[in-house]
Each structure stands twice: as structure tokens, then as C-alpha cells.
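If you want my numbering, it's the 1-based position in the sequence shown plus 23. What follows is a single structure, written as C-alpha cells, with notes after it.
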Amino acid sequence: MHLCSLGGAAELNCPAAAARARRTWWPGHGGSRGGGSRFLCCSRSLSEGCPSAPRLHPHPLGGAAPSGGGASLVSLPRAPSYTEPAVAEYSKELDVAVRVVQMACSLCQGVQEALLGRGADQVKAKEDDSPVTVADWSVQAAVSWLLAESFPGERVSIVAEEDVRSLLEEEEQTGPLLDSVVSAVNGCLREAAAYGLTAAAPPEGGLGRREVLEAIGRCNSVGGPEGRHWVLDPVDGTLGFVRGDQYAVALALIDGGEVVLGVLGCPNYPMRREWLDYHHRYYRAAARVAPAAAAGGWHRGCVMYARRGAGEAWMQPLGPHRAAAAAARPVRVSTVDDPAAATFCEPVEKANSSHAFAAGLARSVGLRNRPLRVYSMVKYAAIARGDAEIFMKFGRSGYREKIWDHAAGVLIVQEAGGVVTDAGGRPLDFSRGIFLDGLDRGIVACSGASLHAKIIAAVDASWDSSEL
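This is the structure:
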């Protein structure tokens with residue numbers, strides 16, 4: 024996969040831009056909280072070119088958060104070809120969402136490091152009073168707070184995996200667990216300014232128990248076909264998290280039943296494909312022995328993001344927004360369309376999916392490559408940037424897919440050039456509330472339309488003889 028490296032931030036002052044700046048937005052750059060807007064524009068069309076304007080790119084976080092009406096740009100060797108109505112839509116929402124997920128990933132990294140340091144005998148299941156539960160609750164509370172503060176004029180609706188009632192089920196567990204959650208949330212929110220969300224910083228002294236519980240409790244929406252709903256999976260891939268393996272922080276926005284933006288934070292998924300050959304456990308250990316070995320950030324995770332209709336998906340490294348934005352790059356699916364040459368990405372655990380059918384299908388189409396087994400929505404990230412070509416999930420009888428396990432990843436794959444449908448070739452319906460009901464057998468994601476059609480045909484041919 025060939026990636027395009029971006030240049031640094033630059034400020035644009037084009038004297039010819041005034042009239043057009045009042046009516047044109049560039050993707051990824053929303054209005055500021057102070058009322059000013061971040062416009063990337065010129066009175067001359069992009070095809071004509073402006074002598075004082077650099078080439079632009081559509082990813083958010085192109086520079087510092089705006090204090091007024093100034094534009095903040097990063098150069099790219101080409102100009103996007105978006106139409107005017109499309110580029111204005113959801114620009115601020117995507118900008119905020121990327122920053123929020125960056126902060127959530129930083130929180131998770133700290134909790135995971137502490138968890139792994141305690142030893143395997145103290146690693147517990149997600150339902151128990153354990154550090155992984157701290158990560159789930161802390162991310163949910165922090166994201167809820169940040170979204171509410173970033174959009175103060177809205178009644179922010181959030182569909183999320185965790186229910187605040189389960190945090191309070193047993194009074195004797197609430198004290199120490201809730202205190203750990205409050206501490207982690209405040210540690211995260213104190214970094215808001217570094218990530219360009221100064222207005223979302225917590226009050227002096229931080230949030231208390233009541234504020235944290237209220238933030239978690241606000242994530243009680245059930246979604247549906249009307250209105251705007253943020254969809255959050257605070258720690259997707261719990262088992263991977265406790266094992267020090269892959270997991271994801273997933274945030275999407277659904278508007279009118281359609282996913283309109285998606286952000287995937289993958290803290291253990293490195294920026295470059297070849298780095299996957301060095302397992303993250305190895306470089307974590309190596310960094311302890313020789314910290315200088317990790318100084319170059321070769322092991323750093325990534326954040327991927329996309330907006331509906333943009334026709335592009337983007338990836339940036341983890342880190343405060345200025346440095347991360349400068350290193351952002353577009354991602355694109357693989358061009359492989361021969362099933363025999365494709366890499367199949369499948370779930371690690373068998374609890375909610377049938378490996379038997381997927382394995383049989385892989386044999387039937389002649390797949391030669393070893394499957395890529397990763398936890399969580401990292402599978403969607405792998406397809407979006409060309410590390411794999413096929414992901415299939417066929418739930419076991421009685422299992423119902425949840426929207427937070429797919430919304431962000433599906434949109435990112437689609438905007439990167441891939442195709443995601445159910446096994447009958449129909450688009451996934453995110454308008455039915457929490458569950459992805461109505462699926463025809465399962466979910467099929469592929470790197471392109473040609474490969475997708477071949478896999479759908481193979482599913483039909485193999486279904487009657489499957490072991491489901």
C-alpha cells in the first residue's frame with residue numbers, strides 16, 4: 024500500500040477569499056465554539072488555483088483550534104474534489120470526535136499498562152471489579168463529558184455499551200471502583216487543552232463522583248431512525264485488552280438512521296503494516312529494557328476516521344492533535360480481487376461467531392494466505408488500509424449484533440473504497456436502535472465490489488452445507 028505523506032501546518036491569508044469564505048467550508052474543519060468558522064477557501068476555484076494558497080487535505084486537526092475566523096491548513100500534493108454542500112456537513116463533529124477518541128486511547132493505554140503490570144493472576148473478567156472495568160467506565164464517562172461540553176447547545180444523545188446501573192449494583196464494590204473511575208476520568212480530562220478541546224476541560228478540582236455518574240448515565244439512548252445519536256464502544260475487544268493485545272475505541276455519529284462519521288482508535292495497531300511483524304508484546308518489553316528503542320514511535324497505535332460521502336478515509340498516529348494531524352495520511356483498501364490471493368480477517372474468539380463456516384468458506388474459494396485473527400473492530404481497520412481483504416462474521420444462533428460493534432468500522436471501510444453488507448448483499452441498517460436486526464445470516468466486508476460479489480456468491484453456495 025502506498026501512502027501519501029503530509030506536510031506541516033500553514034496559515035492561509037488570501038485577500039481574494041473574503042466573499043467565498045463566508046459561504047464555503049472545507050471538510051474536517053468545523054465552526055469554533057466562539058462563533059468563528061474555519062474556512063479553507065478562495066474566491067477562485069480550486070481547479071483554477073490561487074497563487075497564495077497551498078494544496079489542501081480534508082482531514083481534521085490540520086492545525087490549532089480556531090480562536091476566530093482564521094484558517095488552519097496542511098499541504099498535500101493534490102486538491103480534493105468535493106462539492107460544496109458535502110464538505111460543510113459534519114465537519115465540526117468529525118473534528119471533535121477525532122480529538123475525543125485520541126484522548127480516550129491515551130486513557131486506555133495507561134489503564135492497560137497498569138493492568139499488565141499486576142500479573143495474570145489479577146486479571147479478571149469484564150463483569151468483575153477490575154482495571155478493565157475501570158477502562159470501560161472511564162472512557163464512557165470522559166467521552167460523554169467531552170461531547171456534551173463540545174456541543175453545549177444540543178441535547179447530546181449517546182448510545183453506549185455500558186449501563187450505569189450495573190456500576191451501582193453492589194454498594195460494597197461501588198466505592199473503590201468508582202473512585203478509580205473518577206481518578207482515570209479526571210486524568211484524561213486534564214489533557215483536554217493538549218488535544219485542542221480547551222473549552223471541554225473539567226472545572227478546577229476535577230469531576231466528582233456525582234458528575235462522573237451523570238456523564239455515564241447520559242449514555243442511555245437507544246438510537247433509532249430519527250435525530251442524531253453518537254454511538255460509542257468504549258473498549259471494543261475486552262479480552263484483547265486484558266491480554267495486552269488488540270482492542271479499539273469506537274465512536275460514530277448516526278443521523279436520520281445513517282452513519283455519517285466514524286472514528287476508530289486502535290492503540291496497539293501500528294501505523295505501518297511491516298511493524299505488525301514485531302508483536303506489540305515484544306516492543307512493549309523492549310521499550311522497558313531500552314527506552315530509546317521506542318523513541319521513534321515505530322510501535323505507536325493509530326486513529327482512523329472518515330465522513331460519509333467524502334470518498335476518503337484517514338489515519339493518524341496517537342498523540343496530541345498538532346503532532347498527530349501533521350502525520351495524518353489517507354488510507355485505501357487493497358486492490359486484490361482474487362479470493363485465492365486475499366487475506367481473510369476473522370474474530371479471535373468463537374463465543375459469538377462461527378469459525379467453522381468461515382473456515383469452510385475460505386477453503387471453498389481457495390484462500391492460500393494465513394488468516395489474520397485480531398480482536399474487535401481492528402478487523403475493519405485492517406481492511407480499510409489494505410492489510411486484509413475479507414472480513415466475515417456469522418453470529419451463532421440467538422446472537423444479535425449491536426450497532427456499537429460495527430458503525431464506525433463499516434463507514435471507514437466504505438469510504439476507503441470497500442464494501443460492507445449482510446450476507447444477502449443488503450446494506451446494514453443502523454436505524455433500528457441498539458441491535459442490527461434484520462441481517463441476512465451475517466456480515467461480509469471486502470476490499471472492493473468485485474471481490475465482495477465473489478464472496479457473496481460463495482456464501483450462497485456454501486450455506487446449505489455449513490456447520491451453523
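Using N, Cα and C, we set each Cβ at its ideal position, and we do this for glycine too.
Using a Cβ-Cβ cutoff of less than 8 Å, which residues in the same chain neighbour residue i once the five nearest sequence positions on both sides are dropped?
i, result
"arginine 213", "Ala224, Pro225 and Gly229"
"alanine 481", "Pro362, Leu384, Ser387 and Val388"
"glutamate 185", "Asp159, Trp160, Gln163, Ile239, Cys242 and Pro257"
"alanine 484", "Ser387"
For residue i and residue j, which I take to be in contact (beta-carbon distance under 8 Å), what is that distance rounded to the nearest angstrom?
i, j, result
"arginine 296", "aspartate 410", "5 Å"
"cysteine 242", "alanine 183", "4 Å"
"glutamate 424", "threonine 366", "Their Cβ separation, rounded to whole angstroms, is 23 Å, which puts glutamate 424 and threonine 366 out of contact at 8 Å."
"valine 397", "alanine 385", "That pair is no contact at about 16 Å."
"valine 123", "valine 166", "6 Å"
"alanine 271", "leucine 255", "With a Cβ gap of about 11 Å, alanine 271 and leucine 255 do not count as contacting."
"valine 326", "cysteine 131", "Their Cβ separation, rounded to whole angstroms, is 12 Å, which puts valine 326 and cysteine 131 out of contact at 8 Å."
"tryptophan 427", "alanine 216", "That pair is no contact at about 28 Å."
"isoleucine 479", "glycine 448", "5 Å"
Considering only DSSP beta bridges, list what residue i is partnered with.
i, result
"glycine 416", "One detail in the question is off: residue 416 reads as lysine in this sequence, not glycine. BP columns for lysine 416 point to Ile466."
"lysine 425", "Phe458"
"alanine 275", "Val254 and Gly285"
"proline 340", "Cys325"
"leucine 395", "Cys368"
"arginine 330", "Leu284"
"arginine 295", "For arginine 295, which the question treats as bridged, DSSP gives no partner whatsoever."
"proline 353", "Trp337"
"threonine 444", "Val467"
"aspartate 483", "Partner(s): none; aspartate 483 has no beta bridge."
"aspartate 259", "Ala271"
Would you mind sorting residue i into buried or exposed? The rule is 16 or more other CB atoms within 10 Å of its CB.
i, result
"serine 470", "buried"
"serine 420", "exposed"
"proline 450", "exposed"
"proline 257", "buried"
"arginine 330", "buried"
"alanine 363", "exposed"
"glutamine 275", "The sequence as given places alanine at residue 275; glutamine does not occur at that position. Buried, by the Cβ-count rule."
"alanine 472", "exposed"
"serine 189", "exposed"
"glycine 140", "exposed"
"glycine 389", "exposed"
"glycine 461", "exposed"
"arginine 323", "buried"
"alanine 164", "buried"
"glycine 250", "exposed"
"alanine 431", "buried"
"glycine 279", "exposed"
"aspartate 268", "buried"
"alanine 333", "buried"
"glutamate 116", "buried"
"glycine 342", "buried"
"proline 199", "exposed"
"proline 293", "buried"
What residues in its chain sit with their C-beta under 6 Å from that of residue i, if we drop five residues either side in the sequence?
i, result
"alanine 439", "Ala336, Val354, Arg355, Val356 and Ala407"
"glycine 247", "Gly456"
"alanine 347", "Gln339 and Pro340"
"proline 394", "Phe367 and Glu369"
"histidine 252", "Ser180, Val182, Ser244, Gly246 and Ile277"
"alanine 315", "Confidence in alanine 315 is poor, its pLDDT being 49 and thus under 50, which makes the residue's placement unreliable; the coordinate value appears in the next sentence. Excluding sequence neighbours, alanine 315 sits near nothing in its chain."
"serine 475", "Residue 475 is actually histidine in this sequence, not serine. Closer than 6 Å at Cβ, skipping near neighbours: Val442 and Cys469."
"glycine 31", "Low confidence applies to glycine 31: its pLDDT is 33, below 50, so where it sits in the model is not reliable enough to give any reading."
"tyrosine 113", "Val283, Leu284 and Arg330"
"arginine 178", "none"
"serine 203", "Val157"
"cysteine 289", "Ala271, Gly324, Cys325, Val401 and Ala404"
"histidine 344", "Leu84, Arg122, Tyr218 and Gly219"
"valine 359", "Ala365 and Glu412"
Between which residues of its own chain and residue i is the CB-CB distance below 7 Å, once the five residues before and five after are set aside?
i, result
"arginine 232", "Leu201 and Val205"
"valine 187", "Leu236, Ile239 and Gly240"
"glutamate 172", "Ala222 and Ala223"
* In chain order, each beta strand (DSSP E) run of at least 3 residues that lies wholly inside the stretch 171 to 255 -> 181 to 183
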